[in-house]
Amino acid sequence: MTKSELVEIIAAKQTQLSVKDVELAVKTLIEHMSQSLAEGQRIEIRGFGSFSLHYRAPRVGRNPKTGDSVDLPEKHVPHFKPGKELREKVNDSLKAGY
Amino acid sequence: MTALTKADMAERLFEELGLNKREAKELVEAFFDEIRDALSHNEQVKLSGFGNFDLRDKRERPGRNPKTGEEIPISARRVVTFRPGQKLKQKVETYAGTQPQ
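Residue numbers (my numbering), protein chains in the order written: chain A, 3 to 100; chain B, 6 to 106.
Okay, structure coming up:
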């Protein structure tokens with residue numbers, strides 16, 4: 003499922019908002035979530051999961067083409083931990099034979 | 006700093022887009038419900054600009070009860086993994102906080 007398919011599905015299941023409205027809302031949600039993480043704020047959605055940042059220490063990497071070493075600074079990477087309900091539902095789909 | 010919640014996200018939709026409070030709350034619920042539903046039907050979810058939720062099937066493997074040392078198999082399972090997109094990675098990379106979360 004892509005973002006635009008998600009928008010279509012949400013729009014089809016309700017009567018108040020147009021596809022355009024839903025599209026803008028989904029875009030706003032994704033920007034809000036990205037912005038929170040960029041500021042180091044965790045996201046916690048019960049039954050779905052949580053997003054946080056994981057720290058990566060600085061390291062010396064290599065340019066795979068030339069073999070030169072490059073100093074890579076410390077950084078943070080986004081991390082998602084699925085919540086209980088999502089974990090269970092996804093695993094049930096395996097048992098159900100999807 | 007407290008975590009971002011669905012209530013905060015609904016509040017943003019109310020403030021920025023002028024959805025009424027009920028519409029905003031329902032939209033946030035629908036957003037996560039539909040993603041969860043797709044994943045529960047073994048369907049990958051791709052949110053461009055944010056990242057992909059992928060599914061991986063794991064085979065059964067041997068495990069151990071850490072308390073008793075007893076050997077017990079870990080059953081075959083399907084798990085969700087999140088692969089952040091380039092745009093999100095770039096946004097968070099430069100987060101200067103010294104306290105890893």
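Cβ atoms here follow ideal geometry from the backbone N, Cα and C, with glycine treated the same way.
Around the beta carbon of A/VAL24, 16 or more other beta carbons sit within 10 angstroms, so the residue counts as buried. In terms of Cβ geometry, B/MET14 and A/LEU88 do not form a close pair [threshold 7 angstroms]. Contact between B/HIS46 and A/SER95 holds, with the beta-carbon distance rounding to 6 angstroms and staying under 8 angstroms. B/GLY68 is bridged by DSSP to B/ILE77.
Separation of B/ARG61 and B/PHE87 (C-alpha to C-alpha, rounded to the nearest whole angstrom) is 11 angstroms. For B/SER53 and A/THR4, the gap between their C-alpha atoms comes out near 8 angstroms.
Take the alpha-carbon of B/ILE77 and the one of A/GLN16: they are about 47 angstroms apart. Counting other Cβ atoms within 10 Å of its Cβ, A/GLN43 reaches 16 or more and is therefore classed as buried.
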